[in-house]
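Heads up: the structure comes next, in structure tokens.
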Amino acid sequence: MSSAHTKRSPQRSQTLIELGSTALGADERRRIAQGLGREPTRVELHAFDAQWSEHCSYKSSRAQLRRLPVQGERVVLGPGEDAGILSLGEHAGERYCVVVAHESHNHPSQIVPFEGAATGVGGIVRDVLCMGARVVALADALRFGDVRDPESHQRHVARAVVDGISAYGNAIGVPNIAGDVYFHEGFNENALVNVVALGIVKEREIVRSFVPPNGEGWVLLLVGKATDPSGFGGASFSSLTLDAESETANRGAVQVPDPFLKNVLMRATYRVFDALHARGIRAACKDLGAGGVMGCSAELCASGGFGARIDLDLVNTAVPGLPPDVLAVGETQERMLLALPPAVVDDVLRIYNEEFTLPQIAYNARAAVIGTVTRERRYMLTHRGETVMDVDIEFLTKAPFVTPSAASATPCHPERSERSERNRGTDASDSLALYNTCSREPLYRRYDSVVRGCTVIPRGYAEAGVIAPIPGSRLGVALAVAGNPDLSGRDPRLAAEDAVREAVDKVVSVGAEPIGLTDCLNFGNPNKEGHYAEFVAAVDGLAHAARSLNLPFVSGNVSFYNEDSAGNAIPASAIVACIGAIDDVGSITPGRAEQVDAANPLAEIYL
Amino acid sequence: MNRRHETVEIRLKVPDNAAYTALVALQHLGIDVARVEHAVVWGLTDDGDPATLVARIERNQALFNPNLHAVSIRSQSRPETAEIWIWEVDRDAWRLPGRGIEGVTSAKPMASWRLFQRDGRPASEETLRRACNELLRNAAVEDALFRSSYLT
Amino acid sequence: MSRRIAVLLFPGTNSEEETLRVLRDCGGDADFVHWTDAKALLEYAAYVLPGGFAHEDRIRAGAIAAHDAMMETVIAGAVEGKLVLGICNGAQILLEAGLVPGTNVAGRATAAFTHNAPGRHFICRHVYVKLAVEPSRCAITASLPEGALIPAWAAHGDGRLAARDEELEVIESGEHVAFVYAHADGAVDDAAIPNGSALGCAALTNREGNVLAIMPHAERDAWNLNHLARRAGSDVLAPSGGSALFESFVTAVHS
């Protein structure tokens, strides 16, 4: 016993050194050890690192976000799951809903822009897919740096991000109907890639991301790409500030997109949900994002009041011999988790693996049973017969609140005002301003805006995109995004209010009734007083504007640590999407093609 | 003038789906192939310092992504034993995508396919020809080169 | 005689739903046939290959799909005279399979819808296509009026017709170019071509005229609701514009 203990000690300290780059603070590590009553295993430490990181738990922002209005007549499901849901209207005796998710993929897109942006689309699509919806539209809000120099990294990022969004969205067959782009030197080292996805679902067929009350003994089914080491450490990665060193060190955390597999996975999942609904079975489903198999299964089960037991040996992998921590928290793309009654598992496996031939679409892709839902509220992982994780599932999934330390007396942005000054008036800035006033046609021409045959107003034909997503129905959905970085340099609160109003105005301008909002809050380091103050001010602005318009926020995302290598935050960017409902798309004016300026600076980048 | 022709291979470090798909399709066509390797080979004209060519390629973000690719310089500017090179006839395809590589004045991208038999030996000339004609090349728009054969 | 139309699903197809919908709205008896169910294709009278990225367009657009099990039945059917319509990726597959222009006796490809020029990028742009042959030259267009102008969306990265010079001459003189790109008023010039396509070609047919490979998506501008030039007060759910192509196809299947 004691020799085993002494043998393990050095290993553990080495682990802690290796984990020096994780985002967990010393306080949090102490709290983990206290909660467990022992030192965590390596797998557990990685699990808490993922689960308690800003990315998963919004630990700095939760208290602030509670100030946003989230209720309204049309709200079917507010913030808290993978996507929000709004009531759209009735058709043929069925009540239909719009599912909406809105997220950032800023850090990955700065480092490997094509893959980062593409996987951003991939992730947001899964968020909507797992609610049981058909994915029917995309939008993107992009913020790039000064792209005037053709040799600059900013230019490369601006080009490759659009390539990535285009390659992914076009291949899966979801039209990109709305978006905006701004160029501002405050984004030189930290571009923003925010994506929105819309889905359509019958209200009675909504799939939730928690195991239902009768779920004890249900089976956990992992579906999609074979797990590989590529996405290890992504959750805490997005919560760290980028610098040159981490750009190199963190490449391993960036995902490889597979839109071909996603195309098939989406269609197979539609088929699975249709088959389950036909049998009156309501499964639970959740997208695998930050935190991998562990994060997804723990949240799916904990939020239903259950525990989980998972055998990591059953996870399908791309390479043999992956260590249990990679199997548990690696962030390989194109995966989802379903919780199902055991009686239907064989049918679901057959749809994914035989009818849709997942194993032939990508190497060792498949649906596989990996564990069960347990009454006991523990979260247990086994690997090669050993228990590598065994913790209270509540403790794991409820990250402690952190009030950002206002103690670090960072002055409130002398650099910001200086930058704003610089940004006005000089000849050079005037020419960057051209990029912000020209037609965006060279950019959005790269996106398929009309696939599915439901598009009423394609991208660029009006201020908002419009689709008629239910075949045979006149019901329409409008979508627009907004958020002006030039305003936020002066007043983040005003900029946030303006983002709400502008997004709403755009939706109203096509004849739709605004019914809900989503937000993606892109800010600097919450531990710096000035940066955090901008975030708080922006939430003020969002809350005030939304309340005054009587509109709820139904989904959202916070992205912190958007700063340059000198520690300057990006221009505060509360980016807002507005969803509008249209009773009869015949009542709205058709869109009109934009006049494209002869000398458009974006043509050089995108065409 | 220090102008040279260089042959540079860029290979995926992650599993190459195209190679896997090509293998399955070739076997479906009844062509005796047990393994397929795939890469992009660039025929470059370079004015720069040979010692820094790899570094210059690695700096070019449009062509090379260290997260995904491995780059190497070929000693010979012709296909190896079991290898086929295929390139587009249209010279528009030879423009460098995005940002050019410093010092490089022209670049011709070619698909490289290496085919191996069940016994591990390089595929025969006849197998290469069939693979080329029946799947790997569209003769309407592409030329190909392998061993002694130059297909136009 | 069966009048059933199969809409083929390859892994990577993405335009199947609107394609099936427009065929049914035009009176066609259409159903999906899944890639694991290739044998079922034998029972159908006509085949429609929808848009997408079959097999992720690995090797070349359409190259892998052109050789899969479903295409063996489609090729045999085309030789018997069955009607085959390929749209966008479906068109690329038909060229890779050698069905259009169909000028090689061994069934090899003699032309390609290859990367757009200039720019080599995916583009999504509203276009018009104009019937460039006698309507009866191709069975699928037989009930369209002469010079029919059809609204559609070009949405592709590989839509430029390219071939060796001598083959382009054969394509032109053999009246294989069924549709050319045009302006909204029917005028035909280089500015109407979104992708650098040789001969301004938007669609090719084979010698027999029972196979049509068309790049732009008429099915995405096939109801009043997505027709940008619709008249005020028109029924937005009614077929319009691009549906004319599918009406003509269904008429041909039924005749």
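Protein chains in written order, with the working numbering: chain B, 12 to 618; chain C, 288 to 439; chain R, 4 to 258.
The beta carbon of each residue, even a glycine, is placed where N, CA and C say it ideally should be.
Taking the straight line between their C-alpha atoms, what separation do you get for residue i and residue j?
i         : j         : result
B:Phe-125 : R:Ser-237 : 43 Å
R:Gly-105 : B:Gly-471 : 39 Å
B:Gly-382 : B:Glu-227 : 12 Å
C:Glu-345 : B:Ser-115 : 28 Å
B:Phe-198 : B:Ile-581 : 6 Å
B:Ala-189 : B:Ala-583 : 22 Å
B:Ser-695 : B:Asn-274 : Residue 695 of chain B lies beyond the stretch modelled for chain B, which goes from 12 to 618, so this question has no answer here.
C:Ala-309 : C:Phe-403 : 12 Å
B:Asp-254 : B:Val-158 : Confidence at B:Asp-254 is low in this model, with a pLDDT of 44, below 50, so the placement of that residue should be treated as unreliable; the coordinate-derived value is given next. Cα-Cα distance, rounded: 20 Å.
B:Gly-134 : B:Gln-344 : 8 Å
B:Arg-427 : B:Asp-502 : Low confidence applies here, because B:Arg-427 scores a pLDDT of 41, under 50, leaving its location unreliable; read the following figure in that light. Whole-angstrom Cα-Cα distance: 11 Å.
B:Tyr-363 : B:Thr-280 : 8 Å
R:Arg-3   : B:Gly-494 : Because chain R here runs from 4 to 258, residue 3 of chain R falls outside it and cannot be looked at.
R:Ala-255 : R:Pro-138 : 12 Å
B:Arg-558 : B:Ala-592 : 19 Å
B:Leu-443 : B:Ala-289 : 56 Å
R:Ala-190 : R:Val-132 : 10 Å
B:Leu-333 : B:Pro-240 : 7 Å
C:Leu-422 : C:Leu-313 : 7 Å
Leaving aside the five residues before and after residue i along the sequence, list all residues of the same chain whose C-beta is less than 6 Å from its C-beta, in chain order.
i         : result
R:Lys-42  : none
C:Arg-291 : Asp-333
B:Ala-614 : Pro-453
R:Gly-31  : Ile-8, Val-253
R:Cys-141 : Ala-181, Thr-208, Gly-212, Leu-215
B:Asn-477 : This sequence places Val at residue 477 of chain B; Asn is not what is there. Cβ neighbours of B:Val-477 beyond the five flanking positions: Val-467, Ile-468, Gly-487, Ala-489, Val-521.
B:Ala-128 : Ser-120, Val-172, Gly-175, Ile-176, Val-204
Please look up how many angstroms separate the CB atoms of residue i and residue j, rounded, as I've assumed it's under 8 Å.
i         : j         : result
B:Cys-141 : B:Cys-296 : 4 Å
R:Leu-147 : R:Ala-247 : 6 Å
B:Asn-561 : B:Ser-450 : Not really, about 34 Å apart at Cβ, beyond 8 Å.
R:Asn-119 : R:Arg-163 : 5 Å
B:Leu-79  : B:Leu-498 : So it is not a contact: roughly 20 Å between Cβ atoms.
Looking at chain R, is there any beta carbon in it that lies within less than 8 Å of the beta carbon of residue i?
i         : result
C:Asp-406 : no
B:Asp-459 : yes
C:His-315 : yes
Taking only beta-carbon positions, decide if residue i is within less than 8 Å of chain C.
i         : result
R:Pro-121 : yes
R:Ile-96  : no
B:Ala-643 : The requested residue 643 of chain B is not part of the displayed model; chain B covers only 12 to 618.
B:Val-267 : yes
R:Ala-235 : no
B:Val-81  : no
R:Ile-67  : yes
R:Glu-262 : Only positions 4 to 258 of chain R appear in this structure, which leaves residue 262 of chain R out of reach.
B:Ala-373 : yes
Below 7 Å CB to CB, which residues in the same chain sit around residue i once its five sequence neighbours on both sides are set aside?
i         : result
B:Arg-463 : Val-147, Gly-184, Pro-186
B:Arg-40  : none
B:Ser-566 : Pro-90, Ala-94, Gly-95, Val-111, Ala-112, His-113, Thr-529
B:Ile-43  : Pro-51, Phe-59
From the beta carbon of residue i, is the nearest beta carbon of chain B less than 8 Å away?
i         : result
R:Phe-125 : yes
R:Leu-52  : no
C:Pro-302 : yes
R:Pro-278 : Absent from the structure is residue 278 of chain R, since the part of chain R shown begins at 4 and ends at 258.
Going along the chain, which residues of its own chain have a beta-carbon closer than 8 Å to the beta-carbon of residue i, five neighbours each way excluded?
i         : result
B:Ala-202 : Asn-117, Ser-120, Gln-121, Pro-124, Leu-153, Arg-154, Phe-155, Gly-156, Gln-165, Val-168, Ala-169, Val-172
R:Glu-19  : Val-10, Leu-12, Phe-35, Pro-53, Gly-55
B:Glu-366 : Ala-279, Arg-282
Show which residues of chain E have a CB atom less than 9 Å away from the CB atom of residue i.
i        : result
R:Glu-99 : No chain E is present in this structure, whose protein chains are B, C and R.
### Task
Evaluate the contact criterion for the segment 518-530 of chain B versus the segment 82-96 of chain B: three or more CB pairs, one atom per stretch, below 8 Å.
They touch, by the three-pair rule.
### Query
Are the segment 500-513 of chain B and the segment 161-176 of chain B touching, with three or more C-beta to C-beta distances below 8 Å?
No, the segment 500-513 of chain B is not in contact with the segment 161-176 of chain B.
### contact_flag[the segment 387-403 of chain C, the segment 350-370 of chain C] where n(CB pairs < 8 Å) is 3 or more
The count of Cβ pairs closer than 8 Å, one atom from the segment 387-403 of chain C and one from the segment 350-370 of chain C, reaches three, so the stretches are in contact.
### Query
Are the segment 344-359 of chain B and the segment 398-413 of chain B touching, with three or more C-beta to C-beta distances below 8 Å?
By the Cβ rule, the segment 344-359 of chain B does not count as touching the segment 398-413 of chain B, because fewer than three pairs are nearer than 8 Å.
### Query
Do the segment 370-389 of chain B and the segment 211-218 of chain B meet, that is, are 3 or more Cβ pairs less than 8 Å apart?
They do not touch, by the three-pair rule.
### Query
Is the segment 187-199 of chain R close to the segment 157-173 of chain R, with three or more CB pairs under 8 Å?
Output reads yes: the segment 157-173 of chain R touches the segment 187-199 of chain R.
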